[in-house]
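Student: Next up is a structure, given as structure tokens.
Residue numbers (full-length UniProt numbering), protein chains in the order written: chain A, 1 to 774; chain B, 1 to 774.
Written as structure tokens, this is what we have:
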């Protein structure tokens, strides 16, 4: 691991050598997805890696196994059923036999090798020149994409050129359905995630050039189908259907110097989308359509989607190509990971691995969604739709937690039900409710999408707010301020605390936004308002109580230090003495220390109060932010991948430019350089998105929390310039920050008024520019 | 259930009817034990009760199964192996066939029936006159005891008198080794307690009049043996050894009007006491010795032990026979439940059932030990020996919790290792450390046993104190007072709190006592002191730090209410509104509400701060106690069986005599009247002991916390008098409190000086009396 694992290239990630020890991590680097299906960057020829070396992974977003969970001690409200993103049959594998020798990089001679993630194209290409043990030299090109055009399809193309021989090449394409998740293999104490095979084969066949499979998940009862359609210049020599595997073998007579093309379309679907009895036909159909287009055409369509994405979301940096590469790598991965059907969310690890069981967390709302809201608002809306889609589950959950009204979103989930088996770091993180509300409100603020307010957002804002109005109380011993006890904030090193600053702040804003939403809805669509009030049995008195809370929310405050402690008990905890922690244990506290030991230390794993202050920076003076930042700098260990990007943004705001740049740099290449040493398990989607935030909210100082768009751009001294686009209420603004100036260009005919460095700017027409000194 | 389930009798508990629906509870009522073996009050003839109707239970104290525990999410320091008191083979069963009809109370006619626990004798006797379906009438007497004289033995005698026939009676005695615990059968989500059969039969035989068995516990690997020796006037007709069962059948030709006696000695042992290969011989030997004595002689020996016990521990009450009965029932059960070999403790449910997996809790130290310390100090010492015996496990546990020095006792355990699978209500209850220290100190104070101080107590006091000196810190934000964060106090409805009043108080006293112990030890045995200091690497600076803590312990205090809140956050929690809780759920909060819901309410399950104030009442004025009592009265739900007895005692002290009596009454008959509706699962040992405390510490106002013996007797207006004995530093004092006076009688030649109602009293010789007005 370590810095610059891959050569520095603006638009490409290149693996230059085939090294077994880097395989596991590279499988994540070269993972591809379209938000519906995802596949890890394993090799077409298929290697039998152990659980420590690799993981063949193919997933459908939101498709899971669900099992009875055993607890050391079960308590009321603990989830009784797990949800685990299920690893699905693999169809990528193609065995290639060159005149009797199996194409296998562990034997023969590798004359030339590279694998590239082409981020502009959305494609992974591998080029290998290989000499077989028998001296047969072949040039092979493997191309792969997961289609952004056709959600069920991934496409593969293999080109083979015999260099020094004419003879036979055999290609066998497989469908391997005897698949198991890795989860739990390494920790036998956790009754979590599926163990062993969980997909029962219901149908498995090879017909013509198809391999087809239908399977049923043993406990969740969900069904899926998958298949492949291959096109090969040779003839089918053999077709085999075993209990769990099927294969088709093609034989080609090849001539020296000629290039032979093999194409494979792979499709997946599941019964969330298609009735079980129609799945196989559907897959065949989709495969045929894709094959009719052909791989090259599929790649062209892919490029079109990528161009569109980059035109909206790219950030160009002049002056640091390594960071430029990191930014694009991060944007590429979050773009491809997001569910876009309104029924699925985005896993903390995207669809790049089994990490966190494929669960959706607050990461989506607080880290990823701001990026999409400002760049790809349709994608943002689909992710919000997923939360609306699971509002009823959140209502049920609120009841389980003893709230008579409202909705409480789960800490981690796939299907909308709480899947956290450890409530101190799970269900106790009530802030997820306010985080989701925050994302809805941000979406409304930035897009101005009133229809969405009426159709979905108001209901979510009100139902989440209601839980906040029930969870706490006005405490006489705290001057009748509204206190919220026994929650866990974002910081996972301080659990079950009273008056977590972040939580109280976000809760207040959740309530404030709910009130705003109701008022606005009443104004713009009285009928819809009345219908909502009736549907959720909303009472006018609730608003009065909300007002009292908004006015009287309690925040822990230390008079002497003039800072907001993270929670009521934070300053009483034991001063953190890292010298007592052996170095190898320092980054793995929960792996090496009892939770109670961790809870008792005056330190934080990650940004907590600081995140709240950043999101609602309008309530704080820069002096206040500085004091708090200085304090939290001394107590934050940044053991979470969600931490440094946030500190970096606030550092920018308060003028700690060097620190801001340092934090930004760490965030931008965190995964590419595998700084947390666990990239093999999947991407850190939140931090990846945090990189974009680091530039846009950090260096460019973009805010909307005052109710309008504010920009306060700076140029890091290390850079020559940077440039990006923002969408704001229909307008599309290009922002280029250079050495002494910022140049604003409106890209469409939609008037935009905003504030830059305190100056009010209005741009009206496509091409309107404004240049300002910085 | 309900009041007066059994007729009111001073020394006897009588079951007047055979009712299947009362069976499960009666099995606990008539359970017998000697602290080593225990057996539930099941019937000799053996009924096939379902898991909801009954539980055949036979136990050896400290003999357990241990299995790998699965967690929803395992964290560092969570116990990896369970400890579950194992249900052992049953040998009580004797099938009786009366001229072809099986003696079975479900058929034929019950002409006369009663079963009595004779508390004076330590024996259970059942008398039945029964007419078989064929009209054969028989008078049967079943007697049973678990020997206080011979720890391995329980003895049974059955007398049969054919009333209206001469003919054949067949008696079959069984050894049933295919035994299973009930635990977990009713809650499949908890991976806790053994499921299925766990004792593998290693040897099983019938030879002569013996049935013998040796078994090995599948996972813990522990071995045990058991057997029976029967004596019958008839001849052996059959002997059978199956896979898991063995039996011997006797046939008797009986004559009308004659009485036939059948005796059975049953023995248990295990490899904690006897080498595995010697166990069977040992059992045979013990059985033979017991049978040589014969049942009647065993009963005489039993009576001798009981007489001795009652002479020291009985409390005579004139004026309320129901309470008198309750007190004796309670004393009887705690006496028989206590481990007395220094290797075993006392389960929260004694040996009367599988409840709490047979684990030992703080109940022993805080509730039971004060009783024994004042009445049966040798028994008390053996229970303390058990804690000393497991000090190394507590040292290991402290390290796991991140403490560099010291010992942390487990919340629940059999073998000395933590067995709590749910740390918020388990390991977080650090107060257990101070509770154990408290019991050691109380023992030293009351017995004056300096040898024990030197040999064991000082080490325990110092090692427990060291954890207190590490767990907290002097917090600047609290005026540099010593704060202890993230613990759970005794009250299980408020978990993971900061500065639990009880914990901080007990911790301070633990440290104070440790300092005292070291000083005293230095004074009386310098060599031993030096050895200890060396052994535990004790540094002089530790005392300095201790002094700072003793001087500066932080206690939450509410200026306005002038009370000590239970913890820092207590007063901020939501006012408890019981009207929102459906009545059937009110006493089962954790069964019906998520822990977080419970934590957030301003209410307590049980005495917490109040218990601390009681134990250390010397630090508080009566006014303070009153204010706090008044406050905690309003917020305590008494959902724990450990609560009312404590409130009652404090009520006595502050002159709330009616309340004191009410609480006492509830405590005294709690189990006998099955007030918590769960007596079937086993006795509530702590509350049973609390009854004794209610009289001695409550009505009689006995205290030793000022450093000497204080007595402040009152007579409840409902009573004519009460009388009990106390041991104090070798003296044996009888105290009789009557209507206007208290009479003190010294029972031995050991001078005793104490304070009664503020007056200093000295009694010097056996028979010395002092009468004082009250």
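C-beta: ideal position from N, C-alpha, C; glycine also.
What residues from the stretch 51-83 of chain B come within 7 Å of chain A, judged by C-beta to C-beta, listed N to C?
Tutor: 69, 70, 71, 72, 73, 74, 75, 76, 77, 78 and 80
Student: Could you name the residues that DSSP lists as bridge partners for residue 786/A?
Tutor: Any answer about residue 786/A is impossible in this case: the structure gives chain A only from 1 up to 774.
Student: Which of the residues in the stretch 574-586 of chain A, read from start to end, lie with their CB under 9 Å from any CB of chain B?
Tutor: Flagged, chain order: 574, 575 and 580.
Student: Quick check on residue 2/B: does DSSP put it in helix, strand or coil?
Tutor: With a pLDDT of 45 at residue 2/B, under the threshold of 50, the predicted position of this residue should be treated as unreliable, though the coordinate-derived value follows. Reduced to three states, the DSSP call for residue 2/B is coil.
Student: List the endpoints of the continuous alpha helix (DSSP H) containing residue 633/B.
Tutor: Where residue 633/B is concerned, the enclosing alpha helix (DSSP H) stretches over 622-635.
Student: Roughly how many whole angstroms lie between the Cα atoms of residue 565/A and residue 244/A?
Tutor: 57 Å
Student: So with Cβ pairs under 7 Å, would you call residue 572/B a contact of chain A?
Tutor: yes
Student: Taking only beta-carbon positions, decide if residue 3/B is within less than 7 Å of chain A.
Tutor: Residue confidence for residue 3/B is low, a pLDDT of 47 falling below 50, so the modelled location carries little weight; the figure read from the coordinates is stated next. Taking Cβ atoms only, chain A never reaches closer than 7 Å to residue 3/B, which makes this a no.
Student: Which residues of the stretch 595-613 of chain B have a Cβ closer than 7 Å to any Cβ of chain A? Give them in chain order.
Tutor: 595, 596, 597, 599 and 600
Student: In chain order, what residues of the stretch 450-484 of chain A put their CB closer than 8 Å to some CB of chain B?
Tutor: When C-beta distances to chain B are compared with 8 Å, the residues of the stretch 450-484 of chain A below that value are 471, 472, 473, 475, 476, 477, 478 and 483, in chain order.
Student: Out of curiosity, what's the CA-to-CA distance linking residue 710/B and residue 458/B?
Tutor: In a straight line, the C-alpha of residue 710/B is about 25 Å away from that of residue 458/B.
Student: Within 10 angstroms of its Cβ, does residue 56/A collect 16 or more other Cβ (buried), or is it exposed?
Tutor: buried
Student: Does the beta carbon of residue 766/B sit closer than 7 Å to a beta carbon anywhere in chain A?
Tutor: no
Student: Taking DSSP as the reference, what is the three-state secondary structure of residue 130/A?
Tutor: strand
Student: Does residue 240/B come out as helix, strand or coil in the three-state DSSP assignment?
Tutor: strand
Student: Flag this pair as yes or no: are the beta carbons of residue 270/A and residue 63/A separated by less than 7 Å?
Tutor: In this structure, residue 63/A lies closer than 7 Å to residue 270/A by Cβ.
Student: Could you check where the alpha helix (DSSP H) with residue 718/B kicks off and where it finishes?
Tutor: Counting along the chain, residue 718/B falls outside any alpha helix (DSSP H), and DSSP gives it neither H nor E.
Student: Under 8 Å by Cβ, that's how I've got residue 650/A and residue 625/A pegged, so tell me the actual separation to the nearest angstrom.
Tutor: 6 Å
Student: Go ahead and label residue 560/A buried or exposed: buried means 16 or more other beta carbons lie within 10 angstroms of its beta carbon, across all protein chains shown.
Tutor: exposed
Student: Within the same chain, show all residues whose beta-carbon is closer than 7 Å to that of residue 217/A, passing over the 5 residues directly before and after it, in chain order.
Tutor: 65, 86, 198 and 199
Student: Give the residues from the stretch 400-425 of chain B that approach chain A closer than 9 Å (Cβ to any Cβ), ordered along the chain.
Tutor: Cβ contacts with chain A come from 400, 401, 402, 403, 404, 420, 421, 422, 423, 424 and 425.
Student: Can you tell which of 242/B, 180/B, 254/B and 154/B has its C-alpha closest to the C-alpha of residue 230/B?
Tutor: When the alpha-carbon of residue 230/B is set against those of 242/B, 180/B, 254/B and 154/B, the nearest one is in 154/B.
Student: Does the beta carbon of residue 569/A sit closer than 7 Å to a beta carbon anywhere in chain B?
Tutor: yes
Student: Can you list, in chain order, the residues of its chain whose CB lies under 8 Å from that of residue 289/A, leaving out five sequence neighbours each side?
Tutor: 150
Student: Can you say whether residue 463/B is buried or exposed, counting buried as having 16 or more other CB atoms within 10 angstroms of its CB?
Tutor: buried
Student: If we call anything under 7 Å between Cβ atoms a contact, is residue 573/B one with residue 477/A?
Tutor: no
Student: Chain A beta carbons: is any one of them nearer than 7 Å to that of residue 630/B?
Tutor: no
Student: Does residue 544/B have its Cβ less than 7 Å from a Cβ in chain A?
Tutor: no
Student: Round the Cβ separation of residue 706/A and residue 352/A to the nearest angstrom and send it over; I've been treating them as touching at under 8 Å.
Tutor: Rounded, the Cβ-Cβ distance is 37 Å, inconsistent with contact.
Student: Tell me the DSSP secondary structure of residue 108/B in three-state form.
Tutor: coil
Student: Note down, in chain order, every chain A residue with its Cβ under 8 Å from the Cβ of residue 491/B.
Tutor: Within 8 Å Cβ-Cβ: nothing; residue 491/B doesn't reach chain A, min ~14 Å.
Student: Roughly how far, in whole angstroms, is the beta-carbon of residue 206/B from the beta-carbon of residue 248/B, given that I think they are within contact range, below 8 Å?
Tutor: 6 Å
Student: Just mark residue 717/B as buried or exposed, buried being the case when its beta carbon has 16 or more other beta carbons within 10 Å.
Tutor: exposed
Student: Report the rounded CA-to-CA distance for residue 2/B versus residue 221/A, giving the unit in angstroms.
Tutor: Confidence in residue 2/B is poor, its pLDDT being 45 and thus under 50, which makes the residue's placement unreliable; the coordinate value appears in the next sentence. Distance between the alpha carbons of residue 2/B and residue 221/A: 48 Å.
Student: Kindly list the residues whose CB is nearer than 6 Å to the CB of residue 387/A, restricted to its own chain and excluding five residues on each side of it in sequence; keep chain order.
Tutor: 436
Student: List the DSSP bridge partners of residue 232/B.
Tutor: 262/B
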